[in-house]
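Before any comments, here is the structure.
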Amino acid sequence: MATEATEATQPTEDAASPLLRVVKGSPDDAELAALTAVVAALASAASATPEPERTPSRWADPASRLRLPARPGPVGWRSSAYPV
28 MATEATEATQ PTEDAASPLL RVVKGSPDDA ELAALTAVVA ALASAASATP
78 EPERTPSRWA DPASRLRLPA RPGPVGWRSS AYPV
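Mapped onto my numbering, the consecutive letters of the sequence shown carry residue numbers 28 to 111.
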């Protein structure tokens with residue numbers, strides 16, 4: 028496989044925009060560094076946490092419509108209410 032050199036492109040507005048913007052007050056360099064560290068840690072923690080996998084409801088499972096009919100007898104109504 029041949030590799031081709033890619034040309035450098037102009038930075039986009041997203042890359043050129045600052046990560047944080049001070050709206051009020053005048054923080055010093057140490058305060059800005061602490062704030063940047065907290066925001067970066069929260070961003071990495073949010074991306075590292077996987078979303079829990081959703082399991083489908085057994086009541087909405089289409090396979091429940093394919094199950095055997097309820098057993099005849101005086102307690103047949105019980106088995107008709109519970110998913111298999």
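Heads up, the beta-carbon is just placed ideally off N, CA and C, and yes, glycines get one too. What you are looking at is a predicted structure, and each value in this text was computed from that prediction instead of being measured.
Quiz item: Any idea what DSSP makes of SER84, helix, strand or coil?
Solution: Of the three classes helix, strand and coil, the one that applies to SER84 here is coil, per DSSP.
Exercise. Closer than 7 Å by C-beta to SER71: which residues in its own chain qualify, once you throw out the five before and the five after it? Chain order, please.
Key: Closer than 7 Å at the Cβ level, and outside the excluded window around SER71, lies no residue.
Quiz item: Taking the C-alpha atoms as reference points, what is the distance between GLU80 and SER74?
Solution: One Cα belongs to GLU80, the other to SER74, and the distance between them is close to 16 Å.
Exercise. Identify which residue in ASP55, GLY52, SER53, THR63 has its Cα closest to the Cα of PRO45.
Key: It is THR63 whose Cα lies nearest to the Cα of PRO45.
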